[in-house]
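Visitor: Encoded as structure tokens, here's the structure I'll be asking about.
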Amino acid sequence: MLSKLKQDIPASLVVFLVALPLCLGIAVASGAPPVSGIIAGVIGGLVVGALSGSPLGVSGPAAGLTAIVSMGITELGSFEILLGAVVVAGAIQLALGAARAGIIAYYFPSSVIKGMLAGIGVIIILKQIPHALGDDQDPMGDESFEQPDKLNTFQEIGVALQGPNWGALLITLACLGLMLLWERPAIQRNKVLRYIPGPLLAVALGILMALGFNGIPSLSIAAGHYVQLPDLTDLGSYVLPSFSGIADPAFWRIAFTLAVVASIETLLCVEATDKLDPQKRITPANRELFAQGAGNMLSGLLGGLPLTQVVVRSSANIQSGGQTKLSAILHGAWLLVSVFTIAGLLRLVPLASLAAVLLLVGYKLTKPSLYASMWKQGLPQFLPFLITVGFMAVTNDLLRGVILGLIVAFIHILWKNYKVPFHFDPNRYKPGMPVYITLSEDVTFLNKAGIKRTLHALPDKARVVIDAGRSLDLDPDVREIIEEFTLTAPDRGIRVQLMNFPPGPGEARRTATMLADPQ
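Each residue of the sequence shown is one higher than the one before, starting from 166 at the first, in our numbering.
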């Protein structure tokens, strides 16, 4: 890891600057103390970053858990009891890792994962447009469609467009221009400049511009448009978990909900981050569940929000040149040290400059070229992708968007199995000769409808040979359909021959056995 310090240190600073307002914003949107978001961010970097096998993934408080946390505080009666549920949720994740439940990460279709990435990109862009225009009523980090200010995402954009803060808009445009300039080949070929991340310079430019706009009424930026960092030296703002509600069924329901949702979102983000990794490294999913579980237990014990691996921060890490997990670990260290040492400087960072950084992150996740690439792969790939993106864009709900995409992909699988449940070689068929049907290697219950349709469509008085010689696994439901067909086939004058069928209970393998003959 140390050999990549030149890339990891600058990248970690960018991730830190992006993560800081997101940690605070997610805490505010959850109805939790702001310090709880910082604690989760520090744990996500230092602890999860060290234990995880993900080279580029960054963990912290997640917007996808905001509604569960908010509901949990209300239902359990206090934030302290919710923290107890977070500790239990972490223990459940440890058990899931030990049970090797991370294997489900490998069953998410690529089209849905890419749709999730593009959908997150769309959400980032939509949520950052108001901040880019100087409208900071909604906390940065809140990704919910229905916002705390009683407006939805699109209504907020409409309000922001009606009265933009011209100073904030100029900062956004200048920061975007600088970051795009920094990606030009001439800069990237320079042996010194290429190690300075454009987003870090953009934030510095935003601070200088905001200071320069002071005293210019039409461009000045009010206090509410900067990073709102509370006084974290106040020990009274820290709370510890309470397990007084452990006998309450609601306590366990919320703990299991947090564990399951956090685990699924983490595994989704692991798959997404691995796809973004230029080196295409693979994250061990079970180890990631273990790391997340340990992180959530410690976060809950110290008064922090529940956490997951997060695509936004991971994407910022990748796009800023991060190479190893040292970048994620360092971002947690910067969070811990900075809030006690340079809080005053951090409060000078205008949200518009961070909006510019996130707008570029969002665009790179949902580039037009990605849509063109998915279209070229055909409708079976494009449709789940587009539905995932579209649903996430209008609801800002990652998990439900992915579930809908999975449903569409599963329907396509069902249709394929219905149409082609077997192999039929037309070269072996001649009029008056038997119809040869060769079952595939794995014949599951998904093939039931297709096989039933095919057998029903056979002409009367035909001779049919059903060969299971290639089948390693024949579902009992399919076997039952075929055996029922052999019983009713004589009524239609059909002769059925079963070949090489795997044995049922108490049977030897059948070879060339005539089970139905109208003669």
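Just so you know, even glycine gets a beta-carbon here, dropped at the ideal spot from N, CA and C.
Could you tell me the distance, in whole angstroms, from the CA atom of P591 to the CA atom of T651?
Guide: Position 426 of the sequence shown, counting from 1, holds the residue named residue 591. Position 486 of the sequence shown, counting from 1, holds the residue named residue 651. The predicted model places P591 with a pLDDT of 47, which falls under 50 and marks its position as unreliable; any figure quoted below should be read in that light. Distance between P591 and T651, taken at the CA atoms: about 23 Å.
Visitor: Three or more C-beta pairs under 8 Å: does that hold for the stretch 431 to 447 against the stretch 221 to 233?
Guide: In short, these stretches touch, since the Cβ pair count reaches three.
Visitor: Please state the DSSP three-state secondary structure of T603.
Guide: Here residue 603 corresponds to residue number 438 of the sequence shown, with the count starting at 1. For T603, the secondary structure class from DSSP, reduced to helix, strand or coil, is strand.
Visitor: If we ignore side chains and look at the alpha-carbon of each, how far apart do E430 and L216 end up?
Guide: Position 265 of the sequence shown, counting from 1, holds the residue named residue 430. Position 51 of the sequence shown, counting from 1, holds the residue named residue 216. Their backbone Cα atoms lie some 18 Å apart in a straight line.
Visitor: Just to confirm, is the Cβ distance from G249 to S407 under 8 Å?
Guide: Locating residue 249 in the sequence shown gives position 84, counting from the first residue. Locating residue 407 in the sequence shown gives position 242, counting from the first residue. Yes; because the gap between Cβ atoms is below 8 Å, this pair is in contact.
Visitor: What does DSSP give as the partner residue(s) for R628 in the beta ladder?
Guide: Walking along the sequence shown from the start, residue 628 turns up at place 463. Answer is R660.
Visitor: So the candidates are Q327, P175 and D300; which of them puts its Cα closest to the Cα of D314?
Guide: Working through the sequence shown from its first residue, we reach residue 314 at position 149. Considering only alpha carbons, the answer is D300.
Visitor: Indicate, with yes or no, if the ligand PLP has a heavy atom lying under 7 Å from the CB of K440.
Guide: Annotation note on the ligand PLP: not contained in the displayed structure, which lists no ligands.
Visitor: Of the residues V661, T398 and D413, which one's Cα is nearest the Cα of S503?
Guide: One-based indexing of the sequence shown puts residue 503 at position 338. Per the Cα distances, T398.
Visitor: Going by the beta-carbon positions, is the gap between N665 and V643 smaller than 8 Å?
Guide: Within the sequence shown, numbered from 1, the residue matching residue 665 stands at position 500. Within the sequence shown, numbered from 1, the residue matching residue 643 stands at position 478. No, the Cβ-Cβ distance between N665 and V643 is not below 8 Å.
Visitor: Are there 16 or more other CB atoms within 10 angstroms of the CB of S309, so buried, or fewer, so exposed?
Guide: For the purposes of this step, residue 309 is taken as the residue at position 144 of the sequence shown. The residue in question, S309, is buried, as its Cβ has 16 or more Cβ neighbours within 10 Å.
Visitor: For a test of the three-state rule: what should DSSP assign to L178, helix, strand or coil?
Guide: Walking along the sequence shown from the start, residue 178 turns up at place 13. Correct three-state label for L178: helix.
Visitor: Which partner residues does D396 have in the DSSP bridge list?
Guide: Mapped onto the sequence shown, residue 396 falls at position 231. In DSSP, D396 forms no bridge with anything.
Visitor: Measure the alpha-carbon distance for G237 versus F416 and round it to whole angstroms.
Guide: Walking along the sequence shown from the start, residue 237 turns up at place 72. Walking along the sequence shown from the start, residue 416 turns up at place 251. The alpha-carbon atoms of G237 and F416 are separated by roughly 8 Å.
Visitor: Per DSSP, what kind of secondary structure is P586 in: helix, strand or coil?
Guide: Indexing the sequence shown from 1 puts residue 586 at position 421. Note that P586 scores a pLDDT of 49, beneath 50, so its modelled location is shaky; the value from the coordinates is reported in the next line. If DSSP states are grouped into helix, strand and coil, P586 belongs with coil.
Visitor: Can you name the start and end residues of the beta strand (DSSP E) that Q474 belongs to?
Guide: Mapped onto the sequence shown, residue 474 falls at position 309. Segment L472 to V475, the beta strand (DSSP E) holding Q474.
Visitor: How about V554 and A228: do their beta carbons lie closer than 8 Å?
Guide: Sequence index remark: in the sequence shown, residue 554 carries index 389 (1-based). Sequence index remark: in the sequence shown, residue 228 carries index 63 (1-based). The answer is no: Cβ separation not under 8 Å.
Visitor: Rounded to a whole number of angstroms, what is the C-alpha to C-alpha distance between P641 and R618?
Guide: Sequence index remark: in the sequence shown, residue 641 carries index 476 (1-based). Sequence index remark: in the sequence shown, residue 618 carries index 453 (1-based). Rounded to the nearest whole angstrom, the CA to CA distance from P641 to R618 is 18 Å.
Visitor: Under a three-way DSSP split, which group does K171 fall into?
Guide: For the purposes of this step, residue 171 is taken as the residue at position 6 of the sequence shown. The answer is helix: DSSP assigns K171 an H, G or I state.
Visitor: Taking only runs that begin and end inside the stretch 336 to 404, name each unbroken alpha helix (DSSP H) of 4 or more residues, in chain order.
Guide: 350 to 353 and 363 to 378
Visitor: Can you pull the DSSP bridge partners for N317?
Guide: On the sequence shown, residue 317 is found 152 positions in, with the first residue counted as 1. Answer is E311, bridged to N317.
Visitor: Can you tell me whether DSSP reads P274 as helix, strand or coil?
Guide: On the sequence shown, residue 274 is found 109 positions in, with the first residue counted as 1. Note: P274 maps to coil in three-state DSSP.
Visitor: Shortest alpha-carbon distance to L370 belongs to which of T337, K356, S383 and A388?
Guide: By 1-based counting over the sequence shown, the position of residue 370 is 205. Out of T337, K356, S383 and A388, T337 has the C-alpha closest to the C-alpha of L370.
Visitor: Among the candidates V661, I646, K279 and V357, whose CA atom is the shortest distance from the CA of P175?
Guide: Position 10 of the sequence shown holds residue 175. Looking at the Cα atoms, V357 is the closest of the given residues.
Visitor: Roughly how many whole angstroms lie between the Cα atoms of H496 and A205?
Guide: As a first step, residue 496 is located in the sequence shown; it is residue number 331 there, counting from the start. As a first step, residue 205 is located in the sequence shown; it is residue number 40 there, counting from the start. If you take the alpha carbons of H496 and A205, they lie about 12 Å apart.
Visitor: Counting C-beta neighbours from all protein chains within 10 Å, is the total for A520 16 or more, i.e. buried, or is it exposed?
Guide: On the sequence shown, residue 520 is found 355 positions in, with the first residue counted as 1. Result: buried.
Visitor: Between the C-alpha atoms of L170 and G363, what's the straight-line distance to the nearest angstrom?
Guide: Taking the sequence shown and counting its residues from 1, one reaches residue 170 at position 5. Taking the sequence shown and counting its residues from 1, one reaches residue 363 at position 198. So the alpha carbons of these two residues sit roughly 17 Å apart.
Visitor: Alpha carbon to alpha carbon, how far is L189 from A420?
Guide: Looking up residue 189 in the sequence shown gives position 24. Looking up residue 420 in the sequence shown gives position 255. Whole-angstrom Cα-Cα distance: 23 Å.
Visitor: So, helix, strand or coil for V514, using DSSP?
Guide: To locate residue 514, count along the sequence shown from 1; it is residue 349. Coil, per DSSP.
Visitor: Between which two residues does the beta strand (DSSP E) carrying G486 extend?
Guide: The residue you call residue 486 lines up with position 321 of the sequence shown. Note, G486: premise wrong, no beta strand (DSSP E); not H, not E.
Visitor: If you reduce the DSSP assignment to three classes, tell me which class L298 lands in.
Guide: Here residue 298 is taken as the residue at index 133 of the sequence shown, counted from 1. Coil at L298, not helix or strand.
Visitor: Below 7 Å CB to CB, which residues in the same chain sit around Q484 once its five sequence neighbours on both sides are set aside?
Guide: As a first step, residue 484 is located in the sequence shown; it is residue number 319 there, counting from the start. Contacts found: V526 and K529.
Visitor: Strictly by DSSP, which residues pair up with L639?
Guide: Counting from 1 along the sequence shown, the entry for residue 639 is found at position 474. According to DSSP, which records beta bridges pairwise, L639 is partnered with V608.
Visitor: Starting from the Cα of I568, find the closest Cα among E245, Y272, L535 and Q393 and give me that residue.
Guide: As a position in the sequence shown, residue 568 is number 403, starting the count at 1. The shortest C-alpha separation from I568 is found at Y272.
Visitor: In terms of DSSP beta bridges, what is F547 paired with?
Guide: Taking the first residue of the sequence shown as 1, we reach residue 547 at position 382. For F547, which the question treats as bridged, DSSP gives no partner whatsoever.
Visitor: Would you identify the three-state DSSP class for P414, choosing helix, strand or coil?
Guide: Position 249 of the sequence shown, counted from the first residue, corresponds to residue 414. Helix, per DSSP.
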